[in-house]
Amino acid sequence: MLKGRKNKGKYMNIIIKSMTQSHLDKIRDNLQENFDEFWNENVLKSELENPASTYIVAIDEENNNEVVGYAGIWQPIDEAHITNIVTKKDKRKNKIATKMLERLIEISKQRKLNNITLEVNINNKPAINLYKKYHFEEVGLRKKYYNNTDDAIIM
């Protein structure tokens, strides 16, 4: 369990679980508003049904089991590709993304996967710093990867 930084007068008790349809049902109505404009309910539902995908959620136990983040990996053959790590906007800076990244790394190690790759928006300095802290290295660039405007760093 992650005891995060104080958020609105209390400490957050975060647990990480496998994502289920019931978690998706809880966040369906506020995905784009509170999480990430790139992933919608239909995409996540497809990911839950994809045998090559693994998705996790971060749950705030002290706040009515609120889903405060989600993350996923694809497992093409013998490697992992992190598809996303998203924290609810008002819960950011509480180390929730760190906890989810650690769990994805743990899952990859348990499966004896050779590599973990990801793309990150070149303008997302907090995420880039997080990945570097866990020894991800920049290995390439995808031009105009996000919304046909922002470049993505391949790590």
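The numbering of the sequence shown is this note's numbering, which starts it at 1 and goes up by one. We put the CB at the ideal spot given by N, CA and C, even for glycine.
Residues that DSSP places opposite residue i in a beta bridge
i: HIS81; result: TRP74, THR117
i: LEU141; result: ILE153
i: VAL57; result: LYS17, TYR70
i: THR87; result: GLY69
i: TYR146; result: ASP150
Local Cβ density within 10 Å of residue i, reported as buried at 16 or more and exposed below that
i: THR54; result: buried
i: HIS23; result: buried
i: ARG103; result: buried
i: ASP90; result: exposed
i: THR87; result: buried
i: ASN129; result: exposed
i: ASN114; result: exposed
i: PHE35; result: buried
i: ASN94; result: buried
i: ILE15; result: exposed
Cβ distance (whole Å) where residue i is taken to contact residue j below 8 Å
i: LEU69; j: ALA97; result: The displayed chain sequence assigns Gly, not Leu, to residue 69. Confirmed, about 7 Å.
i: ILE122; j: ASP151; result: 5 Å
i: ASN13; j: GLU47; result: Rounded, the Cβ-Cβ distance is 26 Å, inconsistent with contact.
i: ILE59; j: ASN50; result: Not quite, the Cβ-Cβ distance comes to about 22 Å (not below 8 Å), so this is no contact.
Cβ neighbours of residue i in the same chain (closer than 7 Å, five flanking residues each side left out)
i: ALA127; result: VAL120
i: THR20; result: none
i: GLU41; result: LEU24, ARG28, LEU31
i: ILE85; result: ALA71, ALA97, MET100, LEU101
i: GLU137; result: MET155
CA nearest to the CA of residue i, picked from the options
i: LEU44; options: ALA58, ASP60, MET155, ILE27; result: ILE27
i: THR83; options: LYS143, LYS133, GLN21, ALA52; result: ALA52
i: ALA80; options: LYS99, GLU138, ASN129, LEU118; result: LEU118
i: HIS135; options: ASN148, LEU113, ILE105, ASN124; result: ILE105
i: GLN110; options: GLU33, GLN75, LYS132; result: GLN75
Own chain partners of residue i with C-beta closer than 8 Å, once the 5 adjacent residues on each side are dropped
i: LEU141; result: ILE122, ASP151, ALA152, ILE153, ILE154
Residues near residue i in its chain [Cβ-Cβ closer than 6 Å; skip 5 each side]
i: LYS144; result: none
i: LYS10; result: The predicted model places LYS10 with a pLDDT of 43, which falls under 50 and marks its position as unreliable, so this point remains unresolved.
i: SER108; result: ALA80, ILE116
i: VAL57; result: LYS17, MET19, HIS23, VAL67, TYR70
Cβ of residue i within 9 Å of any chain B Cβ
i: ILE122; result: Checking the listed chains, one finds no chain B in this structure; it contains a single protein chain.
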